Every structure is written in C-alpha cells, then in structure tokens.
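Reading through the structure tokens given below for one structure.
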C-alpha cells in the first residue's frame, strides 16, 4: 500500500478544507443550474454536464459566466 505522509494537524485541516471547497463549489453550481431557467433546456444541461464532468473548473466557470445567463425560478 502507499505510505501515508506525515502531515501536521494544520496541514490535514488545509487539505480537507480544500477538498470540501472543491465539493461544495461543484455541488452548488449543479444545484443552482438545476433551479434556474435558461434560454433552452440544452443550455441548462450543458452547464450541469460541465459541472459534473469537469468538477471544480466547471463549477467556477458556471458561477462566473453561466449564473448570469439564467433566470431564477420563483
């Protein structure tokens, strides 16, 4: 098996915090795209697929560009 690196508590907290941020950005972008109305269903699905297939980068791209394109569903 692979040897575990000797990390301090602070280093583990930073690693786990980074992973948590990674997951939260991805999940939030998927949830937000699902709850917005876009010009077409294909555009909505494209944003969701981007967030799923390219998790962190897709999520950040959606938050910067895609969120502005969709209307919040009341």
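In the numbering used here, the protein residues as written are 38 to 111. Cβ atoms here follow ideal geometry from the backbone N, Cα and C, with glycine treated the same way. It should be emphasised that the depicted structure is a prediction, and the values quoted were computed from it without experimental measurement.
Residue 77 and residue 109 have their C-alpha atoms spaced approximately 14 Å apart. As DSSP reads the structure, residue 109 sits in a beta bridge with 73. Secondary structure at residue 82: helix, using DSSP grouped into helix, strand and coil.
Boundaries of the alpha helix (DSSP H) around residue 93: 92-98. Closest option to residue 101, judged by alpha-carbon separation, among 40, 79 and 69: 69. By the 16-neighbour rule on beta-carbons within 10 angstroms, residue 54 is exposed. For the pair of segments examined, the region 60-69 was found to touch the region 88-100: the number of CB pairs separated by less than 8 Å reaches three.
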